[in-house]
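Participant:
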Amino acid sequence: YSTSKAGCIMLTRHLAKRLAPEHILVNAIAPGPFQSHMMAATLARAGDAIAKANPRGRIGTPEDIAGVAIFLASRASAYTTGTVVPCDGGSAEF
């Protein structure tokens, strides 16, 4: 799993550089623990512990990641390319 995530990060950076001359922006969102089908069993088993370990004290929601996606899809990100935006409540920092 972590190898594929690293591959996605490098693909984002590579495509951003390659497609920049075509005025195509390429960015990615790196979510932390979120309510999802993939995380359902893990959250059922250890959701409270995961939430407590997060600096924000909770699991991410779809609304949390939507703001990042809206920014990246908007003109506000017109000079942003090759960026991987963490959306993890700060958990990657600790």
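Take any residue in the sequence shown, note its place counting from 1, add 242, and you have its number in this note's numbering. By construction, the Cβ of each residue, glycine as well, lies at the ideal position given by its N, Cα and C atoms.
#1: Suppose the cutoff is 6 Å on Cβ atoms and the five residues either side in sequence are ignored; what does the same chain contact list for LEU267 look like?
#2: Between the C-alpha atoms of GLY321 and HIS265, what's the straight-line distance to the nearest angstrom?
#3: Taking only the alpha-carbon atoms, compute the straight-line gap between ALA295 and ALA315 and give it to the nearest angstrom.
#4: Give the straight-line distance between the Cα atoms of ALA308 and LEU257, rounded to the nearest whole angstrom.
#5: Within 10 angstroms of the Cβ of ILE301, are there 16 or more other Cβ atoms? Answer buried if so, exposed if not.
#6: Quick one: is the Cβ of HIS256 within less than 7 Å of any heavy atom of the ligand SAM?
#7: Give, in chain order, every unbroken run of the alpha helix (DSSP H) that is at least 4 residues long and sits entirely within the region 263-308.
#8: So, is GLY331 buried or exposed, given that buried needs 16 or more other C-beta atoms within 10 angstroms?
#9: Given a threshold of 16 other Cβ atoms within 10 Å of its Cβ, counted over all protein chains shown, does PRO275 qualify as buried or as exposed?
Facilitator: In this structure, then:
#1: THR323
#2: One detail in the question is off: residue 321 reads as Tyr in this sequence, not Gly. Taking the straight line from one Cα to the other gives about 10 Å.
#3: 31 Å
#4: 23 Å
#5: buried
#6: The model depicted lacks the ligand SAM and carries no ligand whatsoever.
#7: 282-295
#8: buried
#9: buried
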